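Here is the structure we will look at, set down as structure tokens.
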Amino acid sequence: MGQPLKISAQQASALLVTLILSTGVLAAPSFAIISSGRGAWLSMLIAALVAVPLILAYSKLATFAPTLFLTERLILLVGPLLGRPLSLGFSLFFLFSSSAVICIGGTLIQIIFLQETPLEVIIAGLALISLYGAWLGPQTLARLNTLYLPFLSLTFLALFVGTLSNPHWIYLWPPLDLGLPAVIAGSIPTIAWICELSLILFMSPDISNFDTKSWRVLLSAGLISGGFFILITILALVAFGPVLAMYYNFPVLQLGRKFGTNIRGFDALILTVWVVGAFQKTALWLHYPIKEIGYIFRLQNHKALLPPMIILVSIIALGAPFNIIEWQTFNKTIWPSLALGTFEGVIPCGLILAWLRYSQRTKAGR
Amino acid sequence: MSAQTLSRSLVENLAELRTILQGCDDFKYRPFTTATDIEGYLIYSHFLVDSQFISQTILPNLFNLQLPSSSELWPKTISRQLPFLPESSYTHWEDILLQLLDGNSLILLEGLGEAFVAETAEIEARPIAKPETEPIIRGPSEAFAEKLSPNLAIIRSRLKNPQLKINQILLGQESHTTVALLYLNGVIQSEVLAEVRRRLNTIHLDNVQDSGFLIEFLSEDTLSPFPLVQSTERSDKAVAALIEGRAVILVEGSPFAILLPTIFWHYFQASDDYFQNYLIASFIRPLRYLAYLFAVSLPSLYVVVTVFHPQLLPLRFLLSLTAARERVPISTFFEILGMLFVLDIFHEASLRLPQIIGPSIGIVGALIMGEAAVTAGIVSPLVVIIVALTAVTTFSIPSEDLRGTARMFSYFLVLLSSFLGLYGFLLGALTILLHLSSLESVGVPYLSPVSSFHWKEWTDVFIRAPWSNLRKKTKRLPSEQIPSGRKK
Amino acid sequence: MLPLRIQTASFLLLTLLCLIILPGCWSAHEFNNEFILLAESIDTVGDQISVTSQLLSTEQSNGSGNSKSQNSTQAQPQAQFFLITGKGKSIAEAVSDYRSKAPRYIYGGHLEVLFISEDAAKAGIMPYLDFFTRHYWSLDSVWLVITHGPARDMLTLNNPMMKYVTIGLEEYVQKGERGIEITTLSDFLLNYHSDSGTQILTSSAIVYPKRSKMNDMEQLKISNTALFCRDRLISFLSPEEGAYYNYFVQDFRNTAFPIQTPPFFPQEKLTVNLNGKSPTIEAIPTEQGLTLSVKDTFDFEVTEDTSFVKADEKYISALEESVNENFSDQLRELIRHTQEEKSDVFNVADRLHTMHSELWNEVKANWPEEYSKLPLQIEINARYRHSRTMTSGQGYKEE
């Protein structure tokens, strides 16, 4: 119904924080703890710092021509022969990632909430709500997110206070207990997580007053997310210690479960935070790639692609032949390498070089 | 009508008028002759006019009318000699008929191709009374009535500002109902005003009997159950809306004014909040939000914790619940659904019954049926408590429009919760929240200013800040550009 | 939102309807259709595991069973629960066995306490606990109690003050002053995976009345005395050692403590109340190598008739010295016992790992042995802050 309004820079920053934290806050600590033990918090810190130059690269690529679609910007930088396939690949990458989120999310909900309900039903529910969110668009999601973020913050504040009633601070030291290579290896999945901020390349036309001075938008989202990751990793370590924590896929969820008879259902609260955040993530990862695909193929109404695409994504999520070991390996090694090796790391770095050449040409042309 | 305009011939004009008003026995045709022997007629509907004014003021003046020989000078002369007449005259039959049907009296003269209209309307109407749907403990008790003029008079007297503009239009092709658009010039955003005007002009109805008829046309094009325009019968609320930069629409024959644009938080603001201590108001307002949340979610949360996730309950509470459910033969879902249905039926019944019998329904429902159902073991006592709490919290929502949504969504959430537990509840709640987030009222986001980061405008949302803080707000509605595409 | 075409709206509505009809409420369980599991016991019977569940049904929680007891000749109240036992070679088999016997779904989300018999504990409890750890119900806060004798007997405790043993235990723990912290599954796992791998769990025993009279009831005596190395029970502490171990776990909370008084005191023994933080125990590097250092500072007050305690420096110093000595001696005994058992129950290892990781790397391979040989150094600083509301007792007379 007409041209949607743009979202403000603050709303965009908040949406990006939700994008990262929604799933990262439950899953990310375990990858770091498995690799680096007591130094997991250091891994998170390294991840946050290493992600900064990548974040600035995304910011530059998003703001040099912010009103253009990603495809148009890539065509400007690398030409139409490479630009269009790159844009298509980028879109498909996010769609594929959303199927992973839906699959993991559905499995988690089934394990914690609905043990006897078939996974297909749970995934169908998640898919439908994501479809609705993607249909309504980022403006609506941004408004909803403003209601969600205080809820997320309060939940984690309560978790923080609850965990600090009996903390074991000794488990935070020495951080290089398993060696520096282990700490660095532990930071890689988190870097990949934070670098999901690369979605900004799709989002920039929807953000009002988004120009080269808006690098703070992305940087603040990255630093807030990094800070959160460090905090929850510390919580997991002081509550469970490095050895026990590595056995939990979702140590933060487990934190909510150990509060005891006085405070029941805290894990349900954490999972609520997760479900609400995850659906926003999948909705954004559905909306923007579809919009871009619509632009690439010059579709009159790209929203018509949403229902069949969510069905396809759900089928992929259900049909992925992963057992528990493969899932762990996928989340810990395969996806971070794939993401950083392509659309979150290597390709944006290459595009920055292309941008440098482009801006030189533009200056020379003047 | 065979002719569009009046002719100079009195006979022709009368014939035309009698043809149009054939069968309308309430119209009287009083002949008169002026002092200079010019014949004329006074026509009016005797149901709608002040007969005393006609017989004691208008007719004697008409009989004493001194007109010059040149008919071109008659309009000026008449205006001078009959000061109770407005300066303008009418030449088109359409306008003349509207004036006649409004209770005014028509003056026709031989040789004059225009007619004069005297304001003689005196229609029996309900006087200004107390608001019935929005009672308060402390504050003014002036509610709008059906007549438009007194309603406009109240607003003018409360807002003595020349920037208060009142534009009147006629809506309803058959009913020709007068609709007044009020706004405070310089405060209301020009885009909002233009859009409201545009929407009013696109209304093509035959009959407009109440402001409620216009709501569908003034709301955004959506299937939403949430009200996107606000109705009120309180004059102080209407004035407050004008000062906030909103438009007010009053309809002849309706005691409810329409206020727009509106946001979700407006429905939790009661007039009481501004007439009492801000600390008390700030304490009570969050209770209303909690009441809405309870009204929507309490039955479904009961289903969630008893059927799907009893681990959320403390042990002792769980043991009490199991004891309470022991003899109940039906599932929790049907228990809750059945009780909610009975509650709604009682609510509807109490609305339709006369006031003398109405309260009895409450006694029948609460004491007899509730007690009997528990004693018979059909429902558990806790379900009766849950449903009663739901009812009480629903009725504590200040806005009737929003109460309907609470009732509707409670069913929706119960349905989803009974199939998928807490996950189903979350899916339902997210759907509702997404829907709310997507709504706009004349281009203003429905959840603003909370849904944007306009912190300073939160002073009248969850609490009622003291007047020193509220006065600092220059705009109560966020300045959003209405994109052209949003127009209907 | 775009206006929906009728076909699109119908399609979405149909999808929604399918979603609603499809689930079939698999995960829904009404209270009338389930039993509530309150407590479980694990015993070994030969080479099999016997798991007994204490279950509650809605009828019995309503007390409808009580009407039968009116005609009973026995004075004992009607049990508010019933027991089901399952047997199997593994915990999963045993649980599956008793579930198959129960006519209803068994809801275990409120399982509060797990009793494990001494024999089962000596063979290793991790196989049992692993089952509960992985369960989708949040069972991390389940209490673990090792029983002297058959664990099943705990579920049939004849004590009308404890309607359910679960609630009785809860009240006991919440009592505060003389209550103790009962180890939970979460605590067990944390210590199991710590560097020391040893810990003390709660143990329980039933004290039967000497004469079976109408109002005599069986008492449940619980204490933190079960010494575990990894997941095996190796021995028990004495009740006194258990009481001292509690100081390390839960601070001093007005803890009554008997001491031998100095020679010039009229009374031989005195009871004092201790208040303060737990003792700290750590392995510190000294010139002689690693030393086990225990330090504590706490306040005490005198509970009994204090007419003889003068507000006199000599008396107070002597009293404080007496408390220091007594407490040090008892602590020494406790720590020596743990050293004899080569069990670092205080988790000194983790602290050493944190503060002196190089030293830890040297000793970690053989830590139990190293721990048993550590010299002990105890510093206690007891302070007599007050004697309740009066500085000295009534009736004090100058000699």
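Protein chains in written order, with the numbering used here: chain A, 1 to 366; chain B, 1001 to 1488; chain C, 2001 to 2399. Virtual Cβ for every residue (Gly too), placed ideally from N, Cα, C. What you are looking at is a predicted structure, and each value in this text was computed from that prediction instead of being measured.
* To do: Below 8 Å CB to CB, which residues in the same chain sit around L1260/B once its five sequence neighbours on both sides are set aside?
  => V1196, L1218, L1228, V1229, Q1230, R1246, A1247, I1249, S1441, V1442
* Asked: Closer than 8 Å, CB to CB, is R216/A near chain C or not?
  -> R216/A does not count as touching chain C.
* Members of the segment 1303 to 1319 of chain B that neighbour chain C once the beta carbon cut-off is set at 7 Å -> T1306, V1307, F1308, P1310, Q1311, L1315, L1318, L1319
* Smallest Cα separation from S1069/B: which of A1035/B, G1421/B, I1054/B, Q1099/B? -> A1035/B
* What residue range is occupied by the uninterrupted beta strand (DSSP E) comprising F1027/B? -> 1027 to 1033
* Sub-8 Å separation of I290/A and A12/A beta-carbons -> no
* Straight-line gap, L305/A to L136/A (C-alpha atoms, nearest Å) -> So the two alpha carbons sit approximately 14 Å from each other.
* Do you know offhand how far A158/A's Cα is from L271/A's? -> 14 Å
* Would you kindly work out how many angstroms separate the C-alpha atoms of K303/A and L1430/B, rounded to a whole number? => 21 Å
* Which residue or residues does DSSP assign as beta-bridge partners of A1180/B? -> Q1168/B, L1250/B
* Where do the ends of the beta strand (DSSP E) carrying F2298/C lie? -> 2289 to 2302
* Select from M1408/B, I1058/B, R1008/B the residue whose C-alpha is nearest the C-alpha of L1293/B. => M1408/B
* To do: To the nearest angstrom, report how far apart L368/A and R73/A are at their CA atoms.
  => Examination of residue 368/A is not possible in this model, given that chain A is present from 1 through 366 alone.
* Asked: Mind checking S2069/C: buried by the 16 CB within 10 Å criterion, or exposed?
  -> Any answer about S2069/C is weak, because its pLDDT of 39 lies below 50 and its placement is not dependable; what the coordinates show is given next. S2069/C is exposed by the Cβ-count criterion.
* Could you give the residue range of the beta strand (DSSP E) that holds T2044/C? -> 2034 to 2045
* **Near-chain B residues of the segment 2346 to 2374 of chain C (beta-carbon distance less than 8 Å), N- to C-terminal order** => none
* Cβ of E1326/B within 8 Å of any chain C Cβ -> With 8 Å as the cut-off, E1326/B counts as an interface residue toward chain C.
* L351/A, DSSP secondary structure in three states -> helix
* To do: Please check if any C-beta of chain B sits within less than 8 Å of the C-beta of G105/A.
  => no
* Neighbourhood of T1405/B by C-beta, 7 Å cutoff - its chain only, sequence neighbours within 5 removed -> P1225, F1226
* To do: Using only alpha-carbon positions, find the residue among T1375/B, R1316/B, A1180/B that is nearest to V1328/B.
  => T1375/B
* Asked: Relative to the C-alpha of T2133/C, which residue among K2122/C, P2103/C, L2190/C, P2375/C is closest?
  -> Ranking the options by Cα distance to T2133/C, first place goes to L2190/C.
* Hey, could you find the ends of the alpha helix (DSSP H) R1494/B is sitting in? => Residue numbering for chain B in the displayed model covers 1001 to 1488; residue 1494/B lies beyond these limits and cannot be assessed.
* To do: Under 6 Å Cβ to Cβ from A339/A, same chain only, skipping five residues before and after it: list those, please.
  => A192
* chain C contact for S8/A (CB, 8 Å cutoff) -> no
* Asked: Taking Cβ positions only, does F279/A come closer than 8 Å to chain B?
  -> yes
* Note down, in chain order, every chain C residue with its Cβ under 8 Å from the Cβ of S1418/B. => What S1418/B touches in chain C: C2025, A2028.
* Consult DSSP for F2406/C and reduce its assignment to one of helix, strand or coil. => Chain C is shown only over 2001 to 2399; residue 2406/C falls outside these bounds and no answer can be derived.
* **Short CB-CB distance (under 8 Å) between L19/A and chain C** => no
* **Proximal residues to W215/A (C-beta, below 8 Å), its chain only, five neighbours per side dropped** => Correct list, in chain order: L56, S59, K60, T63.
* By DSSP, does N2191/C sit in helix, in strand, or in coil? -> helix
* So is V1170/B buried or exposed if we call it buried at 16+ other beta carbons inside 10 Å? -> The identity of residue 1170/B in the sequence shown is Leu, whereas the question assumes Val. L1170/B comes out exposed.
* To do: Select from the segment 2128 to 2141 of chain C all residues with a C-beta closer than 7 Å to any C-beta belonging to chain A, and list them in chain order.
  => Y2136, S2138, D2140, S2141
* Between which two residues does the alpha helix (DSSP H) containing I191/A stretch? -> Annotation: the continuous alpha helix (DSSP H) that includes I191/A extends over 180 to 194.
* Take W285/A as the anchor and find which of M309/A, L244/A, A354/A, A51/A has the nearest alpha-carbon. => M309/A
* Taking C-beta to C-beta, are A221/A and V17/A nearer than 8 Å? -> yes
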